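Encoded as C-alpha cells, the structure appears first; notes follow it.
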Amino acid sequence: YSQQQLGECLGMDRTTTMQLVSALEAQGLVVRDDDPADRRAYRLRLTARGREVTTRVAAATAEVERQVFAGL
Numbered sequence: 002y003s004q005q006q007l008g009e010c011l012g013m014d015r016t017t018t019m020q021l022v023s024a025l026e027a028q029g030l031v032v033r034d035d036d037p038a039d040r041r042a043y044r045l046r047l048t049a050r051g052r053e054v055t056t057r058v059a060a061a062t063a064e065v066e067r068q069v070f071a072g073l
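According to our numbering, the stretch in the sequence shown is residues 2 to 73, in order.
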C-alpha cells in the first residue's frame, strides 16, 4: 500500500496518516520506500517485527472473538 492508500482505507487525513506512519516507523514496524511510479509518494512495507506483531494481534483477535461468540 502507499501511505495515501492507507489513509484513505482508514478514513484519515494526510497529516494524521503521516503521524501514524511515523510512529509505526519509529517502533520499527514499517519502513517507507520511495514509490517508483510516483516520486512524491511512499510505499509502506512491514518489517520482520511488524509481521510478528501482526501475527500476534491476529491470534489475540481470534481468541477474543472465540470467547465473545462462544455462548451464541
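Beta carbons: idealized from backbone N, C-alpha and C, even for Gly. Every value quoted in this text rests on a predicted model; they were computed, and no experiment measured them.
Among the options, nearest to residue i - alpha-carbon criterion
i, options, result
"residue 30", "15, 51, 64, 18", "51"
"residue 48", "7, 28, 64", "28"
"residue 19", "38, 37, 42", "42"
Cross-strand partners of residue i (DSSP beta bridge)
i, result
"residue 45", "33"
"residue 3", "44"
Spatial distance of residue i from residue j (CA atoms)
i, j, result
"residue 1", "residue 71", "The chain is shown from 2 up to 73; residue 1 falls before or after that span and cannot be answered."
"residue 40", "residue 4", "13 angstroms"
"residue 75", "residue 37", "Here the chain has residues from 2 to 73 only, and residue 75 is not among them."
"residue 69", "residue 12", "27 angstroms"
Test item: CB-CB of residue i and residue j under 8 angstroms
i, j, result
"residue 26", "residue 33", "yes"
"residue 45", "residue 7", "yes"
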